[in-house]
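No gaps in the numbering here: position 282 of the sequence shown is 285 in the numbering used here, and each next residue is one more.
Where is the CB? At the ideal position from N, CA and C, for every residue including glycine.
Just so you know, these numbers come straight off a predicted model, no measurement behind them.
Right, one structure below, let's go through it.
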Amino acid sequence: FSGTAALINLHGYTPQQMYAGFKGVVLNFPSTGRRGRFDRRSDEDIKKASERALKRLNESWELAKTYTQLEDAYKAGKGAAPEYYPEMAALAPVVRGETKLLVEVNRAADIKAAIKWVQDNQLDAIFTGVAEGWRVADELAEAKIPVITGPVFSTPTRASDRYDRPYANPGIMQKAGVKVALRSNESENVRNLPFNAGFAAAYGMGREEALKAVTIVPAEIFGVADQLGSLEVGKLANLIVTDGDPFETRTHIHHVFIEGWKIPLDSRHIRLYNEFLERQPGLSK
Numbered sequence: 004f005s006g007t008a009a010l011i012n013l014h015g016y017t018p019q020q021m022y023a024g025f026k027g028v029v030l031n032f033p034s035t036g037r038r039g040r041f042d043r044r045s046d047e048d049i050k051k052a053s054e055r056a057l058k059r060l061n062e063s064w065e066l067a068k069t070y071t072q073l074e075d076a077y078k079a080g081k082g083a084a085p086e087y088y089p090e091m092a093a094l095a096p097v098v099r100g101e102t103k104l105l106v107e108v109n110r111a112a113d114i115k116a117a118i119k120w121v122q123d124n125q126l127d128a129i130f131t132g133v134a135e136g137w138r139v140a141d142e143l144a145e146a147k148i149p150v151i152t153g154p155v156f157s158t159p160t161r162a163s164d165r166y167d168r169p170y171a172n173p174g175i176m177q178k179a180g181v182k183v184a185l186r187s188n189e190s191e192n193v194r195n196l197p198f199n200a201g202f203a204a205a206y207g208m209g210r211e212e213a214l215k216a217v218t219i220v221p222a223e224i225f226g227v228a229d230q231l232g233s234l235e236v237g238k239l240a241n242l243i244v245t246d247g248d249p250f251e252t253r254t255h256i257h258h259v260f261i262e263g264w265k266i267p268l269d270s271r272h273i274r275l276y277n278e279f280l281e282r283q284p285g286l287s288k
């Protein structure tokens, strides 16, 4: 369990001002795969490590359930207050079904295992990553678990896979009936999210569904579709104004609004660009 994630607006001076109505606990589900091409562990070592991680996960979850039961009993006046345990206190809302669990999982076998684990524990979950979702799209659709996948700009997870599997992955899952949103994964690559969506659109998802995957679908997944995700009367004015298709690299953004506030598009990069574009001739003797 990595911690608690939140949906935020990138405008505001305090956490309360930036909070956009969703928070969830992040779980990195135990992986049976290698950690990149430089992972030199044997298959047996990988299997043992995965089994140990799953055992620790189950032990932590049982502890969280016990802590929640003690806490609920105390609130009902039927027992003493449990000793405060920050990690378990963070998991208690997930146990009660008040907070969603964000499960980071990528390999097909791990996705299947995560589906079973979530269902066995009757949890309200969102799967993130899901790089091999195309292999188990029907299982994801049947389980009715929404997915936030990406980055689309990636290489295949297996050497035998087609080069375009990461590009086609969102579309394959969406056509199977999975609710799919797109992500860039790293904060430094958020600027490339529109182009990730453009590739997904070109490789089977279609432009309309790709647009939904970065607007209304994530709003629905996060439970804030009454406020965000589409241009409708009564919703918050979070929008951009461009001079063309937002998925095209040549398109320029002219205006950005967050909760109705017009956000300045100036930056250090733009200031340096303008400075050197209009630089004065060098000094002469």
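Check: Cβ pair Gly232, Ile243 closer than 8 Å; Outcome: no
Check: Option in Arg194, Leu10, Asp48, Lys119 with minimal Cα separation from Pro249; Outcome: Arg194
Check: Cα-Cα separation between Glu298 and Asn172, rounded to whole angstroms; Outcome: Past the boundaries of the shown model lies residue 298; the chain is included only from 4 to 288, so the question cannot be answered.
Check: DSSP bridge partner residues for Thr7 (one or two, in chain order); Outcome: Val28
Check: Buried versus exposed call for Ile273 [16 or more other C-beta atoms within 10 Å across all chains shown]; Outcome: exposed
Check: Helix, strand or coil at Gly80 [DSSP, three-state]; Outcome: coil
Check: Pairwise C-alpha distance: Arg271 and Arg282; Outcome: 16 Å
Check: Euclidean distance between Cα positions of Ala229 and Phe41; Outcome: According to the sequence as given, residue 229 is Asp; it is not Ala. Cα to Cα, the separation comes out at about 45 Å.
Check: Residue of Ala128, Leu268, Glu74, Arg138 minimising C-alpha distance to Ala92; Outcome: Glu74
Check: Those runs of the beta strand (DSSP E) which lie wholly inside the segment 76-146 and span at least 3 residues; Outcome: 103-108, 128-132
Check: Cross-strand partners of Thr160 (DSSP beta bridge); Outcome: None, per the DSSP bridge assignment.
Check: Three-way DSSP call (helix, strand, coil) for Tyr22 in this model; Outcome: strand
Check: Phe198 beta carbon near the ligand GTP (any heavy atom closer than 7 Å); Outcome: This structure lacks the ligand GTP; in fact it carries no ligand of any kind.
Check: For Leu196 and Glu189, the rounded distance between their alpha carbons; Outcome: 10 Å
Check: Outcome for Gly277 when other beta-carbon atoms lying within 10 angstroms are tallied against a minimum of 16; Outcome: The question names Gly, but residue 277 is Asn in the sequence shown. Label assigned to Asn277: exposed.
Check: Three or more C-beta pairs below 8 Å linking the segment 140-155 and the segment 167-183; Outcome: yes
Check: Three-state class that DSSP yields for Val193 in the structure shown; Outcome: helix
Check: Simplified DSSP assignment, three categories, for His255; Outcome: coil
Check: Identified DSSP bridge partners for Ala184; Outcome: Ile151
Check: Three-state secondary structure assigned by DSSP to Val220; Outcome: helix
Check: Residues that Leu268 bridges to, as DSSP identifies them; Outcome: In DSSP, Leu268 forms no bridge with anything.
Check: Paired residues, beta bridge with Pro243 - DSSP; Outcome: The displayed chain sequence assigns Ile, not Pro, to residue 243. DSSP output for Ile243 lists Val259 as bridge partner(s).
Check: Glu54 in three-state terms, based on DSSP; Outcome: helix
Check: Touching by the beta-carbon criterion (3+ pairs, under 8 Å), the segment 77-89 and the segment 107-116; Outcome: no
Check: Nearest candidate by alpha-carbon position, reference Ala116, set Ile261, Ser53, Asp127, Gln177; Outcome: Ser53
Check: Local conformation of Asp248 per DSSP, three classes; Outcome: coil
Check: Sequence-distant residues of the same chain with beta carbon closer than 6 Å to Gly207, five excluded per side; Outcome: Ala171, Gly174
Check: Top-ranked residue by Cα proximity to Ala289, from Val98, Val217, Phe32; Outcome: Because the chain here runs from 4 to 288, residue 289 falls outside it and cannot be looked at.
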